[in-house]
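Quick notes on the structure that follows.
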Amino acid sequence: MSGIAKLKKDELRTVAEEIGLVVNEGMKKSELRRLIEDSDVFKNDDEAVKSAAEDVLENRNIKSDQDSEIEIEHLKIERIKLELQLAQVKANGNNTSFDQGCKSEPEESLDSLIKSVRTLTIKPPKYLVNFPGDSYDLHNSELYQRELKDHQEEPVCLLVRNNEILPIINKCSSFTKLQRIIAWCMRFKENARNPLQRTTGNLTVPELSAALICLVRSVQYVYFSKDIECIMEGEKLSNSSKLLNLSPFLDEKNVLRVGGRLQHSELPLNRKHPMLIPNNCNICDLIIDHYHVFYLHTGVEATLANLRTQFWITNGRSTVKRVLHKCLKCLKRAVCCALDRICETALLSPCNEKERADATERAE
Numbered sequence: 001m002s003g004i005a006k007l008k009k010d011e012l013r014t015v016a017e018e019i020g021l022v023v024n025e026g027m028k029k030s031e032l033r034r035l036i037e038d039s040d041v042f043k044n045d046d047e048a049v050k051s052a053a054e055d056v057l058e059n060r061n062i063k064s065d066q067d068s069e070i071e072i073e074h075l076k077i078e079r080i081k082l083e084l085q086l087a088q089v090k091a092n093g094n095n096t097s098f099d100q101g102c103k104s105e106p107e108e109s110l111d112s113l114i115k116s117v118r119t120l121t122i123k124p125p126k127y128l129v130n131f132p133g134d135s136y137d138l139h140n141s142e143l144y145q146r147e148l149k150d151h152q153e154e155p156v157c158l159l160v161r162n163n164e165i166l167p168i169i170n171k172c173s174s175f176t177k178l179q180r181i182i183a184w185c186m187r188f189k190e191n192a193r194n195p196l197q198r199t200t201g202n203l204t205v206p207e208l209s210a211a212l213i214c215l216v217r218s219v220q221y222v223y224f225s226k227d228i229e230c231i232m233e234g235e236k237l238s239n240s241s242k243l244l245n246l247s248p249f250l251d252e253k254n255v256l257r258v259g260g261r262l263q264h265s266e267l268p269l270n271r272k273h274p275m276l277i278p279n280n281c282n283i284c285d286l287i288i289d290h291y292h293v294f295y296l297h298t299g300v301e302a303t304l305a306n307l308r309t310q311f312w313i314t315n316g317r318s319t320v321k322r323v324l325h326k327c328l329k330c331l332k333r334a335v336c337c338a339l340d341r342i343c344e345t346a347l348l349s350p351c352n353e354k355e356r357a358d359a360t361e362r363a364e
């Protein structure tokens, strides 16, 4: 039908005139539609009729939008008038009358005016609402809620800092697994934000590094919150701070690192300024266990030296000892070594040599 079925009578008349048809006065809507459909233009050039109908519909929408804006402005003017009358009532007190030749009690006038301001009863526009009846309450209309509502609430965005450790940290038993879980979550977030540039495949080194930074930063903001606030505000650390002797600072990624004279060296960043890790959290134990196993169950000093190539754990030596004492493989190996030493000591003792010599003489 080329869109003419949606047109009104005046719009059909406009389309017919645009395609060059002769329209008689007093023609009905059905007659106009039949006139257009029986024309040679409609049969031979349907696109021209369709284009004319679309132009008419577009003009209708533009006019409807303009009428809506005009009606909204009328509603605003009506409300302002009522508010001005309310202000006059409050200012004049008992000498207030709304209409000439008609006076009422001040309290009744004030109450009725307040009610008329809060509930403005008008004839609704046909293109905005379609309620049965001649009036409606603006409190229940979308237009009032959007434009004229008293004390209209503005959307507020609050940034809340969560001072709780991530639950996933206490549920994982492997540092590598924890790091990969965070990396997958961060990839999912980026893919959700940029669906047209999705990242697929295995995790990359930059993604794992970003996950590590996210983990360390979240732990630091929980356990070193006061020290971080002092550093961000440019104040000195308190004398009771555990980080006072480490000269901590925040890098460009807001990660707390150890300061010191090594900043003038040519070492990598993690070696010059290791990331600070608290010794009383689960991620500290996971990191120590990871380095201990990765370097083939090294001892306390070697594990601590390997750790400090990237992390600096507060009270590091005692913390490493505590974690290494829980390693079952190291305990088993220590027991075997102790038994071997006992056996060697027993075989090489002087008493065993005398007994061996007496047994040799008896045999001879």
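Okay, so the sequence shown: first residue is 1 according to UniProt numbering, each after it adds one. Quick reminder that beta carbons are idealized off the backbone N, C-alpha and C, glycines included.
Taking methionine 186 as part of the alpha helix (DSSP H), name the residues at either end of that continuous run. Position 186 of the sequence shown holds residue 186. From DSSP, the alpha helix (DSSP H) with methionine 186 extends over 175-193.
Buried versus exposed, by CB contacts within 10 Å (16 or more), isoleucine 80: Here residue 80 refers to the residue found at position 80 of the sequence shown. Exposed: under 16 other Cβ atoms inside 10 Å.
Nearest CA to the CA of leucine 246: which residue from Asn282, Leu215, Ile231? On the sequence shown, position 246 is the one that residue 246 refers to. Ranking the options by Cα distance to leucine 246, first place goes to Ile231.
Per DSSP, arginine 257 is paired with what? Locating residue 257 in the sequence shown gives position 257, where the first residue counts as 1. DSSP, once it has assigned bridges, lists Phe249, Met275 as partnering arginine 257.
Where the beta strand (DSSP E) containing phenylalanine 294 begins and where it ends: Numbered from its first residue, the sequence shown carries residue 294 at position 294. From DSSP, phenylalanine 294 is part of no beta strand (DSSP E) but of the alpha helix (DSSP H) over 282-294.
Rounded to whole angstroms, how far is the Cβ of isoleucine 228 from the Cβ of leucine 250, which I believe are closer than 8 Å? Position 228 of the sequence shown, counted from the first residue, corresponds to residue 228. Position 250 of the sequence shown, counted from the first residue, corresponds to residue 250. Indeed they touch by this definition, with Cβ atoms about 7 Å apart.
Contact defined as beta carbons within less than 8 Å: I believe leucine 276 pairs with valine 258. What is the distance between those atoms, to the nearest angstrom? For the purposes of this step, residue 276 is taken as the residue at position 276 of the sequence shown. For the purposes of this step, residue 258 is taken as the residue at position 258 of the sequence shown. So it is a contact: roughly 6 Å between Cβ atoms.
Buried or exposed, going by whether 16 or more other CB atoms sit within 10 Å of the CB of glutamine 220? If you number the sequence shown from 1, residue 220 lands on position 220. Under this definition glutamine 220 is a buried residue.
Closest to leucine 12 by C-alpha separation, out of Asn24, Ile36, Gly26, would be which residue? Position 12 of the sequence shown, counting from 1, holds the residue named residue 12. With distances taken between Cα atoms, leucine 12 lies closest to Ile36.
May I have a chain-ordered list of the beta strand (DSSP E) segments no shorter than 3 residues that lie completely inside the region 303-341? 311-313
Beta carbon of asparagine 270 nearer than 8 Å to that of threonine 314: As a first step, residue 270 must be located in the sequence shown, where it is residue number 270. As a first step, residue 314 must be located in the sequence shown, where it is residue number 314. Taking 8 Å as the Cβ cut-off, asparagine 270 and threonine 314 do not qualify as a contacting pair.
Rounded to a whole number of angstroms, what is the C-alpha to C-alpha distance between leucine 324 and glutamate 266? What you label residue 324 is simply residue 324 of the sequence shown in a count that begins at 1. What you label residue 266 is simply residue 266 of the sequence shown in a count that begins at 1. Going by the C-alpha atoms only, they are around 32 Å apart.
In whole angstroms, give me the CA-to-CA distance for serine 64 and leucine 82. Locating residue 64 in the sequence shown gives position 64, counting from the first residue. Locating residue 82 in the sequence shown gives position 82, counting from the first residue. Cα-Cα distance, rounded: 27 Å.
Burial state of cysteine 336 (16 or more Cβ within 10 Å): Residue numbering aside, residue 336 sits at position 336 when the sequence shown is read from its first letter. Counting Cβ neighbours within 10 Å, cysteine 336 comes out exposed, since fewer than 16 surround it.
Taking the alpha helix (DSSP H) that valine 222 falls in, what are its first and last residues? In the sequence shown, residue 222 corresponds to position 222, counting from 1. Residues 205-223.
Supposed contact pair valine 56 and threonine 14 - C-beta distance, whole angstroms, cut 8 Å: Position 14 of the sequence shown holds residue 14. Position 56 of the sequence shown holds residue 56. Contact holds; Cβ gap of about 6 Å.
Within 10 angstroms of its Cβ, does glutamate 207 collect 16 or more other Cβ (buried), or is it exposed? As a position in the sequence shown, residue 207 is number 207, starting the count at 1. Buried: at least 16 other Cβ atoms inside 10 Å.
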